[in-house]
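First comes the structure, then the notes that go with it.
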Amino acid sequence: DGAGASAGGTGQQLSDGEVIKTFADPLSQIYWIAHGSEGGPRPDGTYGDLDREGGPRDVDTLTTTMGAFDSLGPEELAAVTIYIRATFGGDGYDPLTEDPNFNAELFAADPAALEALVEEVLALDLNDPDAVAGVEGAETE
Numbered sequence: 028d029g030a031g032a033s034a035g036g037t038g039q040q041l042s043d044g045e046v047i048k049t050f051a052d053p054l055s056q057i058y059w060i061a062h063g064s065e066g067g068p069r070p071d072g073t074y075g076d077l078d079r080e081g082g083p084r085d086v087d088t089l090t091t092t093m094g095a096f097d098s099l100g101p102e103e104l105a106a107v108t109i110y111i112r113a114t115f116g117g118d119g120y121d122p123l124t125e126d127p128n129f130n131a132e133l134f135a136a137d138p139a140a141l142e143a144l145v146e147e148v149l150a151l152d153l154n155d156p157d158a159v160a161g162v163e164g165a166e167t168e
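The numbering of the sequence shown is the working numbering, which starts it at 28 and goes up by one.
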């Protein structure tokens, strides 16, 4: 149900829009999913948006480590990210205003374009999630 550790599960809550609050840019979420809690956070252990209400998330607050999903290909990472955002995004997710460079409609119409964005994210160095902002097509506001 996406409630995470708040309801007896593991990891941070995704539901009620928390995933959108943590990762306003879907490409940042892909970076986290692909690299997990070992390669996804900043050197200080934080991950997610720096300007998130309450500050960025911290791996020290996770109840368990999140494994890297580096076995997923670009198309699979795009599909998983879109699914998580649409399913758990709550009021923070609006398919009409979701990132124009990364959304379900574009995935259906031109999956190769999304795959190219994901490949750029996967080529970034580990433990530098802020580098995602430099990917052409990333949300920067």
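We treat Cβ as the ideally placed atom computed from N, Cα and C, and that holds for glycine.
Where the alpha helix (DSSP H) through residue i begins and ends
{"i": "Ala135", "result": "Ala131 to Ala136"}
{"i": "Glu125", "result": "From DSSP, Glu125 is part of no alpha helix (DSSP H); its letter is neither H nor E."}
{"i": "Thr49", "result": "Glu45 to Thr49"}
{"i": "Leu54", "result": "Pro53 to Gly66"}
Presumed contact (8 Å Cβ cut-off) between residue i and residue j, rounded CB distance
{"i": "Asp126", "j": "Asp52", "result": "7 Å"}
{"i": "Val86", "j": "Gly72", "result": "5 Å"}
Cβ-Cβ distance between residue i and residue j below 8 Å
{"i": "Gly116", "j": "Ile47", "result": "yes"}
{"i": "Phe50", "j": "Gly75", "result": "yes"}
{"i": "Leu133", "j": "Leu141", "result": "yes"}
{"i": "Ser64", "j": "Leu89", "result": "yes"}
{"i": "Pro83", "j": "Leu77", "result": "yes"}
{"i": "Ala158", "j": "Leu149", "result": "no"}
{"i": "Ala165", "j": "Leu54", "result": "yes"}
{"i": "Ile109", "j": "Ala131", "result": "yes"}
{"i": "Gly38", "j": "Met93", "result": "yes"}
{"i": "Pro138", "j": "Glu102", "result": "yes"}
Status (buried if at least 16 other CB within 10 Å, exposed otherwise) for residue i
{"i": "Ala34", "result": "Confidence in Ala34 is poor, its pLDDT being 47 and thus under 50, which makes the residue's placement unreliable; the coordinate value appears in the next sentence. It counts as exposed."}
{"i": "Leu144", "result": "buried"}
{"i": "Pro156", "result": "buried"}
{"i": "Val162", "result": "buried"}
{"i": "Ala105", "result": "buried"}
Reduced DSSP secondary structure (H/G/I, E/B, other) of residue i
{"i": "Arg79", "result": "coil"}
{"i": "Arg112", "result": "helix"}
{"i": "Asp97", "result": "coil"}
{"i": "Tyr169", "result": "Any question about residue 169 goes unanswered here, given that the chain covers just 28 to 168."}
{"i": "Asp157", "result": "helix"}
{"i": "Asp152", "result": "coil"}
{"i": "Asp85", "result": "strand"}
{"i": "Ala165", "result": "coil"}
{"i": "Ser117", "result": "The sequence shown places Gly at residue 117, rather than the Ser named in the question. Here Gly117 sits in helix by DSSP."}
{"i": "Ala34", "result": "Here the model assigns Ala34 a pLDDT of 47, short of 50, so the residue's position is not dependable, and the following value carries that caveat. The answer is helix: DSSP assigns Ala34 an H, G or I state."}
{"i": "Ala41", "result": "First, the amino acid is wrong: residue 41 is Leu here, not Ala. Looking at Leu41 - three-state DSSP - the assignment turns out to be coil, as it is neither helix nor strand."}
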